[in-house]
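Below is one structure, written out as structure tokens; the observations come after it.
Set out below in structure tokens:
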């Protein structure tokens, strides 16, 4: 592990995180009631950058992350995995953190968090693009989980919740089913069935070689590394429910990813892995997500509909819950309703218990 100077940030009040009764989370997650009160934090969280050494194809390299500890010591941590061409900043957005930073809210509710850059993305190791397969990405997530459980970042975490977004959720589902080493799973911007036509036309067809973008032109990344074409990331938003400043900053913060991870992930047997998951699962989707909701994808007409749609894809002992966010698209944590998404995720985790 390596880490730089510690950084403290002000605590953020979190509205209605634990006000639900456990009965609401048996299958369908209904969200916090309107009368739920804010929970004040005990103090500021402390954050610092970390690196975790991982092995891929007999080579080793670092995975970069931002570890944040709540004011009070805890053995509970959330491992946060961003999506394709997103970095760890997705979970700790540097603009209006009281509204957009999931990690700040999680820390205020007593959880430690580790937001990482995926293999081949952000500040993490960029091996040959051909090595950044979907399976290797899931293996890297597994290695980070084990690092958390075995004290490689200074503390030993007994309860690890894994939360992934989009491709990061796809890899997280695969990891959870393959390695059976997490206590709870949250998949945001993801469902077991997706609209392949929309993914191709609105995402894949808008990818360019990373080094053709001014941000990455001097990186030396090989031709398998891609990023989103300038001006095309609005497909991840419901623009009428997005702050233009957030959309602009998202464009600035975009990352590269390997197209091999995307292509191998689309053909991987994630459904077989999901059937082996028997821990609490929460799916969170925007009701206007064109990739994972609606025609050719999941039924996101209500929380109950999405939970019922997804339940058959998971193990027999998995508790499958769902939260459908009204007015949100794919980039849930960057929509103006991000705080509600955060509340739904943390309320779910408040009912998962502390052991597998």
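In this note's numbering, the protein residues as written are 891 to 1246.
Backbone N, C-alpha and C define an ideal beta-carbon position, used for all residues, glycine too.
Since this is a predicted model, take the numbers as computed values, not measurements.
{"Asked": "With DSSP collapsed to three states, give me the class of residue 1119.", "Found": "coil"}
{"Asked": "Check whether the Cβ atoms of residue 1061 and residue 1155 lie closer than 8 Å to each other.", "Found": "yes"}
{"Asked": "For residue 1112, which residues from the same chain have a beta carbon less than 7 Å from its beta carbon, with the 5 sequence-adjacent residues on both sides left out?", "Found": "1018, 1019"}
{"Asked": "Helix, strand or coil: which one does DSSP assign to residue 936?", "Found": "strand"}
{"Asked": "Residue 1052 and residue 1022 - do their beta-carbons sit closer together than 8 Å?", "Found": "no"}
{"Asked": "Can you find at least 3 beta carbon pairs, one from the segment 1217-1235 and one from the segment 963-983, that sit closer than 8 Å?", "Found": "yes"}
{"Asked": "Is residue 1215 near the ligand ATP, with its Cβ less than 7 Å from a heavy atom?", "Found": "The model on display carries no ligand, and the ligand ATP is accordingly not part of it."}
{"Asked": "So for residue 1207, helix, strand or coil by DSSP?", "Found": "coil"}
{"Asked": "Roughly how far, in whole angstroms, is the beta-carbon of residue 982 from the beta-carbon of residue 993, given that I think they are within contact range, below 8 Å?", "Found": "4 Å"}
{"Asked": "Answer yes if the segment 1165-1177 comes into contact with the segment 1023-1039, meaning at least three C-beta pairs across the two stretches below 8 Å, and no otherwise.", "Found": "no"}
{"Asked": "Terminal residues of the continuous beta strand (DSSP E) containing residue 1046?", "Found": "Counting along the chain, residue 1046 falls outside any beta strand (DSSP E), and DSSP gives it neither H nor E."}
{"Asked": "Between 1162, 991, 936, which lies nearest to residue 1136 when the distance is taken from Cα to Cα?", "Found": "991"}
{"Asked": "DSSP on residue 956, reduced to helix/strand/coil?", "Found": "strand"}
{"Asked": "Out of curiosity, what's the CA-to-CA distance linking residue 1234 and residue 1227?", "Found": "11 Å"}
{"Asked": "With a threshold of 7 Å on Cβ separation, who are the neighbours of residue 968 within its own chain once the five nearest residues in sequence on each side are excluded?", "Found": "996, 1001, 1003, 1051, 1053"}
{"Asked": "At which residue ranges does the segment 1071-1114 contain complete alpha helix (DSSP H) runs of 4 or more residues, listed in the order of the chain?", "Found": "1086-1092"}
{"Asked": "Return yes when the Cβ of residue 1188 is within less than 8 Å of the Cβ of residue 1083, no when it is not.", "Found": "yes"}
{"Asked": "Does DSSP put residue 1176 in a helix, in a strand, or in coil?", "Found": "strand"}
{"Asked": "Report the option in 1094, 1119, 1126 whose CA atom is closest to the CA atom of residue 1151.", "Found": "1094"}
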